[in-house]
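Peer 1: Numbered according to full-length UniProt numbering, the sequence shown spans residues 1 to 121. Here it is: the structure, laid out below.
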Amino acid sequence: MIEIPSDLHPDLVPLAFLLGNWAGAGVSDFPGAEKCNFGQEVTFSHDGRDFLEYVSHTWVLDDEGKQVRPLETETGYWRIDKDRKVEVVMARDQGVIEIWYGELADQKPQIDLVTDAVART
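This is how it looks when you write it as structure tokens:
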């Protein structure tokens, strides 16, 4: 069950399912980069205004799942309008800024996003 904080901005109620801390692990395998196991922790929070704050930290993991070193950090903001259109603005510590747009699905906790812009600092 999704708990909606009493101080959550009313416009953000449809995104309340994102709030909290999320963690997982996977394999990073990008062309031109070293393949590695990684862990990720994502936090969605709010301060009562009409956006969610997003922070993501990733780490290289050893074969036993222990953190070896930091991999990347992202931070950004998520907004939604009255028509359920979602906007994400994100900055990565490696000098990349991204803007994503999409839509919240009807009757399920799913957001389909597409990249609108990517820029290097």
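All C-beta atoms, glycine included, are put in the ideal place defined by N, C-alpha and C.
#1: First and last residue of the beta strand (DSSP E) that includes Arg84?
#2: Mind checking who Ser28 pairs with in its DSSP beta bridge?
#3: Closer than 8 Å by C-beta to Leu113: which residues in its own chain qualify, once you throw out the five before and the five after it? Chain order, please.
#4: Are Leu104 and Arg79 closer than 7 Å when you measure CB to CB?
#5: May I have the straight-line CA-CA distance separating Val68 from Val42, to the nearest angstrom?
#6: Going by DSSP in three states, Pro10 sits in which element: helix, strand or coil?
#7: Give the DSSP bridge partners of Ile41, in chain order.
#8: According to DSSP, is Ala119 helix, strand or coil?
Peer 2: Quick answer:
#1: That residue, Arg84, is in no beta strand (DSSP E); it is neither H nor E in DSSP.
#2: Ser28 is bridged to Cys36.
#3: Val86, Val88, Trp100, Tyr101 and Gly102
#4: No, they are not a contact pair.
#5: 18 Å
#6: helix
#7: Per the sequence shown, residue 41 should be read as Glu rather than Ile. Answer is Ala23 and His57, bridged to Glu41.
#8: DSSP places Ala119 in strand when its eight states are reduced to three.
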